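Residue numbers for the sequence shown follow numbering that gives the first Met the number 0, so the first one is 0 and each next one is one higher.
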Amino acid sequence: MTNTNALILEAALFAAAEPLPADKLSQLFPEENRPSLGEIRALIAELQIFYQERSLELVEVASGYRFQVKKDYAESMGRLEERKPARYSRSFLETLALIAYRQPVTRGEIEDVRGVTVNPNVIKTLLEREWIKIAGYRDVPGKPALFATTKTFLDYFNLKSIAELPPLSELVDFETLEKQLGLQLPTSVVSSENEETALAEVTA
């Protein structure tokens with residue numbers, strides 16, 4: 000790969016701590032010689048082909064493009080981690096899934112489906128994690144908050160849009176939810192210290 004523009008994109012994506020969209024990547028080039036967004040995407044496609052036979056992959060998520068370790072090598076990378084991977088409580092998974100699949104949804108509506116009260120710490124952690132946001136308020140007495148997922152949620156689960164969520168015929172069997180959603184952050188080239196948030200401590 001000798002295309003200078005492609006190499007510039009590669010360097011920027013390696014150095015970035017978060018996904019970069021095509022319009023942001025275009026700012027790497029002087030205005031008089033700036034590639035179009037179509038040309039930027041074509042260069043990214045070249046990079047994706049170049050990395051097909053390597054341990055890294057260049058993927059597109061909701062917020063843009065990023066490099067990450069391929070799933071085949073994620074387990075090996077995990078052996079370098081000093082801390083154990085976060086484990087998610089059933090309550091956490093059920094609440095997240097209901098918001099993802101039924102958004103926008105209120106806390107009361109989540110509780111109606113689950114049949115139990117939602118631990119406030121679950122909602123608090125999801126908001127702090129920026130996986131969910133308050134998208135509005137239901138026009139009923141009390142004006143309860145409506146929760147929906149965010150771009151951060153999509154980025155975490157390697158999704159470009161909510162339409163890419165795996166289909167669930169009925170949202171009642173949560174035993175395999177962790178596997179279905181692939182609840183493990185793809186190993187990024189650049190890791191974040193904040194990635195070690197203790198979500199495992201969220202309980203039902």
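Quick reminder that beta carbons are idealized off the backbone N, C-alpha and C, glycines included.
All figures in this text were calculated on a predicted structure; none of them were measured in a lab.
- The C-beta of Val104 has 16 or more other C-beta atoms within 10 Å across all chains shown, which makes the residue buried.
- Going by DSSP, Ala162 is part of no alpha helix (DSSP H) at all; its letter is neither H nor E.
- Annotated three-state conformation of Val112 is helix, per DSSP.
- If you check the CB distance, Val58 and Asn157 come in under 8 angstroms.
- Here Gly63 is buried, its C-beta having at least 16 other C-beta atoms within 10 Å.
- The three-state reading of DSSP puts Ala15 in coil, since its state is none of H, G, I, E or B.
- Excluding its 5 nearest sequence neighbours in each direction, Ile133 has C-beta neighbours in its own chain below 6 angstroms: Ala144, listed in chain order.
- The Cβ atoms of Glu110 and Val121 lie no closer than 8 angstroms to each other.
- In the assembly as shown, Leu125 is a buried residue. Its beta-carbon has 16 or more other beta-carbons within 10 Å.
- Beta-bridge partners of Glu59 (DSSP): Tyr64.
- Boundaries of the beta strand (DSSP E) harbouring Leu145: 144 to 148, taken from the DSSP string.
- Taking a C-beta distance under 8 angstroms as the contact criterion, Arg65 and Leu27 do not qualify as a contact pair.
- Between the beta-carbon of Ala5 and that of Leu46 there is about 6 angstroms, and that keeps the pair under the 8 angstroms contact cut.
- An exposed status is given to Pro166, since fewer than 16 other beta-carbon atoms sit within 10 Å of its beta-carbon.
- For Tyr87, the secondary structure class from DSSP, reduced to helix, strand or coil, is coil.
- If you ignore the 5 residues before and after Phe152, its C-beta comes within less than 6 angstroms of the C-beta of Trp130, all in its own chain and listed in chain order.
- Looking at Gly135, Ala21, Glu17, Glu56, the one whose alpha-carbon comes closest to that of Ala41 is Ala21.
- The beta carbon of Val60 is closer than 7 angstroms to those of Pro18, Leu153, Asp154, Asn157, Leu158, Lys159 in its chain, skipping five residues each way along the sequence.
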